[in-house]
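A.B. asks: If you scroll down you'll find the structure; I have some questions about it.
In my numbering, the protein residues as written are 135 to 312.
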């Protein structure tokens with residue numbers, strides 16, 4: 135091989151690294167296009183970068199697998215609310231233009247069956263940081279091609295994130311299981 139050099143690769147694989155601000159969490163407002171309800175949440179990422187999850191005022195936790203994320207957009211590329219009442223609710227008491235603080239996370243099992251998670255940050259810099267970090271975690275090649283041990287750790291992390299306030303693993307829809 136005439137031009138090959140040992141130890142030199144065109145593609146540098148970087149291990150998954152979650153920033154401290156994502157682990158600690160940030161306040162956002164979550165909204166849906168279908169309703170005029172806005173929900174204040176705290177958005178976090180687990181230390182391994184498997185999931186990002188949010189907790190609302192009622193201490194209910196929802197999570198999203200970062201391997202399902204296809205795109206993360208902020209600013210004018212994010213989805214904007216069509217309802218003027220909803221837009222007004224999102225823009226109350228905040229500094230900076232609403233469009234620059236909006237984030238849309240596109241996720242799904244493939245590029246045809248997608249959903250959107252719409253968020254509004256309280257500061258423009260926070261929106262940009264979260265968008266860049268979530269996109270880099272979702273497109274990391276080492277995260278997309280994990281070992282069996284990493285998949286077991288991911289399943290364990292998911293169980294730990296979904297515990298009840300008493301520290302127990304929830305049994306959803308127990309009446310259906312009987």
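For every residue, glycine included, the Cβ atom is placed at its ideal position computed from N, Cα and C.
Run through DSSP, which three-state label would residue 265 get?
C.D. replies: Helix at residue 265.
A.B. asks: In the DSSP assignment, find the alpha helix (DSSP H) that holds residue 285 and state where it starts and stops.
C.D. replies: Taken as a continuous stretch (DSSP letters only), the alpha helix (DSSP H) holding residue 285 covers 282-295.
A.B. asks: Please state if the CB of residue 200 and the CB of residue 272 are separated by a distance shorter than 8 Å.
C.D. replies: Result yes, Cβ atoms of residue 272 and residue 200 sit closer than 8 Å.
A.B. asks: So which of 301, 198 and 192 has the shortest CA-CA distance to residue 242?
C.D. replies: Comparing Cα-Cα distances from residue 242 to each of 301, 198 and 192, the minimum goes to 198.
A.B. asks: Beta-carbon within less than 8 Å of residue 276's beta-carbon, same chain only, minus the 5 sequence neighbours each way: which residues are those?
C.D. replies: Hits under 8 Å: 147, 148, 149 and 150.
A.B. asks: Restricting to Cα atoms, I'd like to know which of 219, 180, 214 and 247 is closest to residue 232.
C.D. replies: Checking every option, the nearest Cα to that of residue 232 belongs to 214.
A.B. asks: Assuming residue 179 and residue 203 form a contact by the criterion Cβ under 8 Å, report the distance between their Cβ atoms to the nearest whole angstrom.
C.D. replies: Going by Cβ atoms, the distance from residue 179 to residue 203 rounds to 11 Å, so no, they are not a contact pair.
A.B. asks: Apart from the five residues just before and just after residue 191, which ones in its own chain have a Cβ nearer than 8 Å to its Cβ?
C.D. replies: 173 and 174.
A.B. asks: Beta-carbon within less than 8 Å of residue 89's beta-carbon, same chain only, minus the 5 sequence neighbours each way: which residues are those?
C.D. replies: With the chain covering only 135 through 312, there is no way to say anything about residue 89.
A.B. asks: Residues in the same chain with beta-carbon distance under 8 Å from residue 299, minus the five sequence neighbours each way, listed in chain order, please.
C.D. replies: The answer, listed in chain order, is 193.
A.B. asks: For residue 99, which residues from the same chain have a beta carbon less than 8 Å from its beta carbon, with the 5 sequence-adjacent residues on both sides left out?
C.D. replies: Because residue 99 is not part of the residues shown, which for the chain are 135 to 312, the question remains open.
A.B. asks: I'd like to check one pair, residue 184 with residue 291: are the Cβ atoms closer than 8 Å?
C.D. replies: Result yes, Cβ atoms of residue 291 and residue 184 sit closer than 8 Å.
A.B. asks: Once DSSP output is grouped into helix, strand and coil, what is the label at residue 249?
C.D. replies: Reduced to three states, the DSSP call for residue 249 is strand.
A.B. asks: Counting only runs of 4+ residues fully inside the region 151-236, write out the alpha helix (DSSP H) ranges in chain order.
C.D. replies: As far as the region 151-236 is concerned, its whole alpha helix (DSSP H) runs of at least 4 residues are 154-158, 218-225 and 232-235.
A.B. asks: Residues in its own chain within less than 6 Å of residue 288 by CB, not counting five upstream and five downstream?
C.D. replies: For residue 288, where only same-chain residues beyond five positions count, the Cβ hits under 6 Å are 184.
A.B. asks: Measure the Cβ-Cβ separation of residue 159 and residue 176 and say whether it is below 8 Å.
C.D. replies: Cβ atoms of residue 159 and residue 176: closer than 8 Å.
A.B. asks: If we call anything under 8 Å between Cβ atoms a contact, is residue 268 one with residue 206?
C.D. replies: Their beta carbons are under 8 Å apart, which means residue 268 touches residue 206 by this criterion.
A.B. asks: Nearest by alpha-carbon distance to residue 261: which of 208, 196 and 163 is it?
C.D. replies: Checking every option, the nearest Cα to that of residue 261 belongs to 208.
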